[in-house]
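First residue of the sequence shown? That's 176 in the numbering used here, and the numbers climb one at a time after it. Cβ atoms here follow ideal geometry from the backbone N, Cα and C, with glycine treated the same way. All figures in this text were calculated on a predicted structure; none of them were measured in a lab. Accompanying notes for the structure given below.
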Amino acid sequence: MSNYRLSPLAEEYLFKIISTTIESWGNEQARVYAQTIDAALLKLAQYPDFGRERNEIYNGARSFPVEKHIVFYQVSYIGIDVARILHQRMDLSKHF
176 MSNYRLSPLA EEYLFKIIST TIESWGNEQA RVYAQTIDAA LLKLAQYPDF GRERNEIYNG
236 ARSFPVEKHI VFYQVSYIGI DVARILHQRM DLSKHF
């Protein structure tokens, strides 16, 4: 079964996403959003070619939108390695 692995920075960003969601919309919405992100990551691990090639960011990079965020990852032996999970309005040059 394919799986995903979060980089330390991806974990940090995900924690911030969930914390911000709790502050703005409450625990239930944060739980739902965390489940949405987890389901998308598991689906990407199974079907990594769903994402768009993003070699301009780094060699082997791919991206896939999940609601208001974009998952950046690369294919690995376990499924995918997630480098970042960024809000769609973030300046990519400041995060890679």
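Review point. Taking just the CA atoms, how far does Tyr248 sit from Ala258?
Key: Between Ala258 and Tyr248, the C-alpha separation is close to 5 Å.
Exercise for review: Go through its chain and collect everything with a Cβ distance to Val241's Cβ below 6 Å, but skip five positions before and after it.
Suggested key: Excluding positions up to five away in sequence, the list reads Ile212, Ala215.
Review point. Do Ile255 and Tyr179 have their C-beta atoms within less than 8 Å of each other?
Key: In this structure, Tyr179 lies closer than 8 Å to Ile255 by Cβ.
Review point. Taking Gln221 as the reference, which of Asp266, Ser177, Ile197 has the closest Cα?
Key: Minimum Cα distance to Gln221 is reached at Ser177.
Exercise for review: Check Tyr208 in the structure and name its three-state DSSP category.
Suggested key: Three-state result, Tyr208: helix.
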